[in-house]
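Asker: First residue of the sequence shown? That's 1 in the UniProt record's numbering, and the numbers climb one at a time after it. Mind having a look at this structure? Questions to follow.
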Amino acid sequence: MKWLCDMIAIKVNGEDYLVVIGGHRPSSNNAPKQPGAQYSAGINNEIHFYKLSSGDWISPTVTGDRPPPIAAFTLTSINNSSAILFGGGTANGYTNNVYILNFTDTSVNCLKLSNPGGSVQWPEGRCAHSSVLINTSSGPHLLVVGGISAYDFWIFDIKNKSWKELFNIPKNVINRQYHSLSLWSVTPTTNWIIVFGGVTSYSDTAVIELRYTSNNDWSTSIIPLDQYQEKLQERRREWEASQPIQPEDRREIDRLTRVLQERERELEEERREKEQVRNRLQQQLEGRERQLEQAQQQGQERERQAREQEENLQRQLQKRERESEQQRQEKDREIQQCREREQQLQREVQQGGEREQGLQGQLQQAQQQLQESQERERGLEQQLRERDRQERESSWVVSRNDIRMTERILGRGGWGEVRVARFHGLEVAAKVLHETIISEYN
């Protein structure tokens, strides 16, 4: 990255190049330094070529008086392969040296011109000025205007290597820095210098007429902006009047005049046709505008209806969202209730399991008691059968009236019950047969 450098275009051996010289570069710039270049106080004297046809950067060979590290100077083309560098800021301050640069496709030669001193006119050192090249019948000249620490107006004769200061130049021209300077060749001997912008208290555009006189001198005058067109026509007429007309030129002028008149008639006819076309197009445009207006009205109506539909849809959507929210809340409550019921059922299942375990224990205990009771019953039945056998064997018969049955049951069987009975004050076991099996033998 660079700033306060300068650049020109050159053409060597049919190839176009850009030449970039000097300027500032930041201390953080990681770009490699150019071999042979110098770097001081943040500025440098690098010289680079950029080949437009290939996009390649070239580091040329530099011979002669290479400028020191320099910035805010002017670099102005003299022709396709040479340029002039003037002024600029260096590590030692502002310079007033002139360098003539001659280019090849791989090199540049620098010729330094310094102030010889004495009575020779030479401008003060400066930077941030502007320069422009003026071609005259006696050769190219460099015009230098303004700059830091130098509010003046100088012309350098490149061929004779001499300076001349011009006076009576308005302050709004010379009291500028970093400004734009352009030249317009109005006639072969008249140039208009246009100055614009820059670091200055002046905001207007200044136009100076610079005329090269027959005695190789210069004259200046101000061109007010409100007289710009008038002065331009005046200078054109002066130049045309100064040109001698030859017979062949007169014939050519007459021919061109006739051609011009014919062309004017054609242009008039063309103008009328264009006017008719313009009128038709205007009518069509008005019709299109009416159609457009109707379409816009229809579009606005559709837009209004669309907005209403959108608002209705928005309200319906909000209503549905509220209903959905209510349904969601109800579902959340139902889910919560289901969870609570599930938890209750889990507790009940757990309690039922505990009760089932208790009942299982009771059932097992009851089954055990039943088994024990059945075992006792079988024992009693066996005893009763044994007693019955013994009684039958002894033929001992007890009178029914001597026995008093009680409600105390000792056991049951398929044939009847064994109860506690009283026999003559004694408690005895007595069988009570079911009626279905009672006979005269029992």
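Idealized CB from N, CA, C, for every residue including glycine.
#1: Ignoring anything shorter than 4 residues, give me the alpha helix (DSSP H) runs that lie fully in the UniProt region "Disordered" (278-387), in order along the chain.
#2: So R419 and L426 are supposed to be a Cβ contact under 8 Å. How far apart are they, rounded?
#3: Hey, would you say F196 sits closer than 8 Å to V144, going by beta carbons?
#4: Less than 8 Å between the beta carbons of I47 and I84, yes or no?
#5: With 16 as the cutoff for other CB atoms within 10 Å, does K159 come out buried or exposed?
#6: From the DSSP output, in three-state form, read off P247 for me.
#7: Express the C-alpha separation of E372 and G413 in angstroms, rounding to a whole number.
#8: Using a threshold of 8 Å, state whether the C-beta atoms of Y39 and P69 are closer than that.
#9: Could you check the C-alpha separation between residue 463 and L370 for me, to the nearest Å?
#10: Can you tell which of G146, S185 and W154 has its C-alpha closest to the C-alpha of N175?
#11: Between the beta-carbon of D6 and the beta-carbon of T74, is there less than 8 Å?
#12: Label P67 either buried or exposed according to how many other C-beta atoms from any shown protein chain fall within 10 Å of its C-beta, with 16 as the threshold for buried.
#13: Residues in its own chain within less than 8 Å of L225 by CB, not counting five upstream and five downstream?
#14: Starting from N172, trace the alpha helix (DSSP H) both ways and give me its first and last residue.
#15: Thinking C-beta only, is A71 closer than 8 Å to G93?
#16: With distances taken from CA atoms, which of R385, Q390 and V428 is nearest D402?
#17: Grab me the residues of T63's own chain with a C-beta within less than 8 Å of its C-beta, minus the 5 sequence neighbours each way, in chain order.
#18: Would you kindly report the start and end of the unbroken beta strand (DSSP E) that includes residue 445?
#19: Could you give the first and the last residue of the continuous alpha helix (DSSP H) run that contains E417?
#20: Check whether the Cβ atoms of I169 and F153 lie closer than 8 Å to each other.
Answerer: Put simply:
#1: none
#2: That belief does not hold up - the Cβ atoms of R419 and L426 are roughly 14 Å apart, past 8 Å.
#3: no
#4: no
#5: exposed
#6: helix
#7: 15 Å
#8: yes
#9: In the structure as shown, the chain begins at 1 and stops at 442. Residue 463 is therefore absent and cannot be evaluated.
#10: G146
#11: yes
#12: buried
#13: D204, T205 and V207
#14: K171 to I174
#15: no
#16: V428
#17: S107, V108, N109 and C110
#18: Look at the range of the chain in this structure, 1 to 442, and you will see that residue 445 is not part of it.
#19: No alpha helix (DSSP H) holds E417; the beta strand (DSSP E) holding it covers G416 to F423.
#20: yes
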